[in-house]
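Asker:
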Amino acid sequence: MSRDIFQEEHIIFRDAFGKFLDKEITPYFEQWEQDGIVPRNVWNKMGRNGFLCPWVEEEYGGAGAGYEYSVIINEEIFYRGFTGIVTPLHSDIIVPYIHSFGNEEQKKKWLPGCVNGEIITAIAMTEPGAGSDLAALRTTAVKDGDEYIINGQKTFISIGILSDLVIVAVKTDPGVGSKGISLICVEDGTPGFTRGRNLEKMGWHSQDTAELIFEECRVPAANLLGEEGQGFYYMMQKLQGERLVAAIMAQSMAEAMLDMTVQYCKEREIFRKPLSSFQHNTFKIVEMATEIELGRTFVDSLIKDFIAGKDIVKKVSMAKAWVSEMANRVAYHCVQLHGGYGYMEEYPICRFARDVRIIPIFAGTTEVMKVIVGRMMGL
Ligand SMILES: Cc1cc2nc3c(=O)[nH]c(=O)nc-3n(C[C@H](O)[C@H](O)[C@H](O)COP(=O)(O)OP(=O)(O)OC[C@H]3O[C@@H](n4cnc5c(N)ncnc54)[C@H](O)[C@@H]3O)c2cc1C
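Taken in order, the sequence shown gives residues 0 to 378; the numbers are from numbering that gives the first Met the number 0.
1. Could you compute how far the alpha carbon of M312 sits from the alpha carbon of Q239?
2. Round the Cβ separation of A255 and F361 to the nearest angstrom and send it over; I've been treating them as touching at under 8 Å.
3. Who are the Cβ neighbours of V55 in its own chain at under 8 Å, not counting the five residues just before and after it?
4. Check the C-beta distance from K389 over to M368 and give it rounded, since I have them as a contact under 8 Å.
5. Which of the three DSSP states, helix, strand or coil, is assigned to T171?
6. Under 8 Å, do L293 and L243 count as touching if we go by C-beta distance?
7. Are there any heavy atoms of ligand 1 lying less than 7 Å away from the beta-carbon of L366, as far as the coordinates show?
8. Suppose the cutoff is 7 Å on Cβ atoms and the five residues either side in sequence are ignored; what does the same chain contact list for A330 look like?
9. In its own chain, which residues sit with a C-beta less than 6 Å from the C-beta of E210, not counting the 5 before and 5 after it?
10. Less than 7 Å separating the Cβ of D132 from some heavy atom of ligand 1?
11. Could you give the residue range of the beta strand (DSSP E) that holds I156?
12. Skipping 5 residues on each side, what residues in its chain have a beta carbon closer than 6 Å to that of F297?
13. Are the beta-carbon atoms belonging to Y96 and Y233 less than 8 Å from one another?
14. In the DSSP assignment, find the unbroken alpha helix (DSSP H) run with P95 in it and report its ends.
15. Going by CA-CA distance only, name the one from P219, R47, I158 and I118 that's closest to G144.
16. With contact counted as at least three CB pairs below 8 Å, one residue from each stretch, are the segment 29-41 and the segment 198-206 in contact?
17. Please report the Cβ distance between I291 and C264, rounded to the nearest whole angstrom; I am assuming they are in contact, meaning their Cβ atoms lie under 8 Å.
18. Distance check for E126 and G417, CA to CA, integer angstroms please.
19. Does M201 pass the burial test, meaning 16 or more other C-beta atoms within 10 Å, or should it be called exposed?
20. Assuming I118 and L164 are in contact, meaning their beta carbons sit under 8 Å apart, how far apart are those beta carbons, in whole angstroms?
21. Below 8 Å between beta carbons: does that hold for I156 and A121?
22. Would a C-beta distance cut-off of 8 Å place L380 and L224 closer than the cut-off?
23. Considering Cα atoms alone, identify which of H9, G49 and I76 is closest to I24.
24. Within its chain, find whatever has a CB closer than 8 Å to the CB of G80; leave out the 5 residues flanking it on each side and keep chain order.
25. Where does the unbroken alpha helix (DSSP H) through N327 begin, and where does it stop?
26. Please identify the residue among N327, G373, T365 and R295 whose C-alpha is closest to the C-alpha of R2.
27. Between the beta-carbon of A246 and the beta-carbon of V370, is there less than 8 Å?
28. Is the beta carbon of G116 sitting closer than 8 Å to the one on W42?
29. For T193, name the three-state secondary structure that DSSP assigns.
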C-alpha cells in the first residue's frame with residue numbers, strides 16, 4: 000500500500016533505521032528476552048544515531064524533525080516485534096510532557112539527555128489501587144520549604160528499572176480528587192526513591208516493567224512539571240498522543256503477523272497442497288488482510304490529523320480500541336494457521352501473539368476507550 004504521509008527523505012530514513020535495527024538489535028534480541036532487560040548502551044546507541052526524540056528542536060539537542068520520523072521508528076521496531084526497545088514510549092509519550100509543560104530551565108536540563116540517550120524516562124501513573132481510575136491515586140507529595148516529600152507506590156511502570164528520570168503522578172491536594180493531581184520529576188539516586196521488582200510478565204520479556212517505591216522521598220520543588228493541581232489535565236491532554244503510539248504499534252504488529260503467516264502458509268504443505276490453497280485458509284487470510292487494510296487507513300488518517308494539529312481524542316480512542324483488538328484477532332488466527340509450530344518459541348508468531356496481548360490493556364483499556372467515545376457521543 001503506498002502511503003502519502005511519507006516523502007523520499009522518509010523512505011531513506013526508514014531504510015537506514017531498518018539497517019540499524021538489523022545490525023544492532025536482531026542478533027541480540029532473543030538474549031535480552033531471556034535477560035528480562037535490554038542493555039543501557041542500546042539506548043545510548045539509539046540516541047547517538049538520532050533515533051530518540053527526533054522531533055525535539057535543535058536548541059535542545061534534537062533534529063527538529065517531523066512526526067513522520069517518530070512514526071517510522073515506531074513502525075520498524077514493532078514490525079520486527081522488538082517490544083523491549085520501547086523507545087517510542089520515551090520519545091513520543093513521556094518526553095513530550097517535559098517539552099510541553101516543563102519550564103525553560105527544566106527543558107535545558109533534561110531534554111538534551113533525553114535525545115542523546117543519557118537520560119531514559121518513565122512515567123508513573125498506575126498504582127496497585129489506581130489503574131483505569133487514575134483520580135484514585137494515593138501517592139502524595141507534601142510541600143516542605145523548597146522541597147516536596149513524596150510517599151507512595153507505583154506499579155507496572157515501563158522502563159521502571161532502567162529509567163533515570165521518572166515523571167510521577169502525585170496528589171498534592173488529596174481532598175479535591177483529580178484537581179489535586181500534579182506531576183513531579185524524580186531523578187535516579189534521589190534518597191527515598193527505590194525500585195521494586197522487575198515484574199515477570201506474559202510478554203514483552205525484555206522490557207523492564209517495575210514497581211517504584213517512594214518513602215519520604217525529598218525532591219526539589221523545582222522538579223514540579225507545570226502547575227500544581229494540573230496533572231490530571233496534562234495527562235488527559237497527552238493521552239491522545241499515547242493512544243496513537245499504541246495504535247501504530249498494534250497495526251505494525253498485525254501487519255508483521257499476517258506477512259509471516261502468509262509466507263508460512265505458502266511454504267507449508269499438508270495433504271500434498273500448500274496450506275494457503277485450502278479455501279478456508281485463503282478466506283481467513285483475506286479477512287485478516289481486509290481488517291489490516293482498514294486499520295492502516297484509519298491509523299494513517301489519524302497520523303495526518305495529528306501532524307496537522309487536529310483534536311483526535313474521539314477517533315484515536317476508537318482506533319486504540321479497535322486496532323489493538325483487531326491485532327489480537329489476527330494473532331489468534333495466525334497462530335492457528337501455524338498449527339503446533341505457532342506454539343513453538345522458534346517461530347516468531349509465538350512471541351508476537353504473546354506480546355500483542357497487552358496493547359488492549361495499557362495506555363487505557365479497550366473498555367476505557369469505549370467509555371470516552373460513548374461520553375463524546377453524548378451517551
Ligand atoms: C506491561 C505494562 C506496562 C505498563 N506501563 C505503564 C507505565 O509505563 N506507566 C503507568 O503509569 N502505567 C503502566 N501500565 C499500567 C496500565 O496502564 C494499566 O494496567 C491499565 O491502565 C489498566 O489498569 P489496571 O491494570 O489497574 O486495571 P483496572 O483498572 O483494575 O481494570 C480492570 C478491568 O476493568 C475494566 N474497566 C475499567 N474501567 C471500566 C469501566 N468504566 N467500565 C467497564 N470496564 C472497566 C478494564 O478495562 C479492565 O478490563 C502498564 C501495564 C502493563 C501491564
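For glycine and all other residues, C-beta sits at the position ideal for the given N, C-alpha and C.
Answerer: Taking the coordinates as given:
1. Counting from 1 along the sequence shown, the entry for residue 312 is found at position 313. Counting from 1 along the sequence shown, the entry for residue 239 is found at position 240. Contrary to the premise, residue 312 reads as Val rather than Met in this sequence. Across the structure, V312 and Q239 are spaced so that their CA atoms are roughly 6 Å apart.
2. As a first step, residue 255 must be located in the sequence shown, where it is residue number 256. As a first step, residue 361 must be located in the sequence shown, where it is residue number 362. Not confirmed; about 19 Å, so no contact.
3. Within the sequence shown, residue 55 is the residue found at index 56, counting from 1. Same-chain partners within the cutoff: G61, A62, G63, V94, H98, L110, C113 and V114.
4. Nothing can be reported for residue 389, as the shown portion of the chain is limited to 0 through 378.
5. The sequence position of residue 171 within the sequence shown is 172, counting from 1. Looking at T171 - three-state DSSP - the assignment turns out to be coil, as it is neither helix nor strand.
6. Position 294 of the sequence shown, counting from 1, holds the residue named residue 293. Position 244 of the sequence shown, counting from 1, holds the residue named residue 243. It is not a contact, given that the beta carbons lie outside the stated cut-off.
7. Position 367 of the sequence shown, counted from the start, is the residue given in the question as residue 366. Note that residue 366 is Glu in the sequence shown here, rather than Leu. The answer is yes for E366.
8. In the sequence shown, counting from the first residue as 1, residue 330 sits at position 331. Result list for A330: M256, F351, A352 and V355, in chain order.
9. One-based indexing of the sequence shown puts residue 210 at position 211. Residues of the same chain with a CB within less than 6 Å of the CB of E210, apart from the 5 flanking positions on each side, are T154, G195 and R196 in chain order.
10. Here residue 132 corresponds to residue number 133 of the sequence shown, with the count starting at 1. For ligand 1, a non-hydrogen atom lies closer than 7 Å to the CB of D132.
11. Taking the sequence shown and counting its residues from 1, the one referred to as residue 156 is at position 157. It spans E146 to S157 - the beta strand (DSSP E) in which I156 sits, taken as one unbroken run.
12. Position 298 of the sequence shown, counting from 1, holds the residue named residue 297. Answer for F297: A318, listed in chain order.
13. Within the sequence shown, the letter at position 97 stands for residue 96. Within the sequence shown, the letter at position 234 stands for residue 233. Yes, the pair counts as a contact, with Cβ atoms nearer than the cut-off.
14. The residue you call residue 95 lines up with position 96 of the sequence shown. Judged by DSSP secondary structure, P95 falls within the alpha helix (DSSP H) whose first and last residues are V94 to F100.
15. Sequence index remark: in the sequence shown, residue 144 carries index 145 (1-based). Checking every option, the nearest Cα to that of G144 belongs to P219.
16. These segments touch.
17. Residue mapping note: residue 291 aligns to position 292 of the sequence shown, counting from 1. Residue mapping note: residue 264 aligns to position 265 of the sequence shown, counting from 1. That belief does not hold up - the Cβ atoms of I291 and C264 are roughly 15 Å apart, past 8 Å.
18. What the structure shows of the chain is the stretch from 0 to 378, and residue 417 is not part of that stretch, so it cannot be assessed.
19. Your numbering for residue 201 matches position 202 in the sequence shown. M201 should be labelled exposed.
20. Position 119 of the sequence shown, counting from 1, holds the residue named residue 118. Position 165 of the sequence shown, counting from 1, holds the residue named residue 164. Contact flag correct, Cβ pair sits at about 5 Å.
21. Position 157 of the sequence shown holds residue 156. Position 122 of the sequence shown holds residue 121. Taking 8 Å as the Cβ cut-off, I156 and A121 qualify as a contacting pair.
22. Outside the shown range of the chain (0 to 378) lies residue 380, about which nothing can therefore be said.
23. As a position in the sequence shown, residue 24 is number 25, starting the count at 1. Taking the Cα of I24 as reference, the smallest distance to any Cα among H9, G49 and I76 is reached at I76.
24. Position 81 of the sequence shown holds residue 80. The residues are M252, A255, P347, R350, F351 and D354.
25. Within the sequence shown, the letter at position 328 stands for residue 327. Under the DSSP assignment, N327 falls in the alpha helix (DSSP H) whose first and last residues are V312 to H337.
26. For the purposes of this step, residue 2 is identified with residue 3 of the sequence shown, where counting begins at 1. Looking at N327, G373, T365 and R295, the one whose alpha-carbon comes closest to that of R2 is R295.
27. Taking the sequence shown and counting its residues from 1, the one referred to as residue 246 is at position 247. Taking the sequence shown and counting its residues from 1, the one referred to as residue 370 is at position 371. No; because the gap between Cβ atoms is not below 8 Å, this pair is not in contact.
28. For the purposes of this step, residue 116 is taken as the residue at position 117 of the sequence shown. For the purposes of this step, residue 42 is taken as the residue at position 43 of the sequence shown. Yes, they are a contact pair.
29. Taking the first residue of the sequence shown as 1, we reach residue 193 at position 194. In the structure shown, T193 adopts extended strand secondary structure according to DSSP, grouped into three states.
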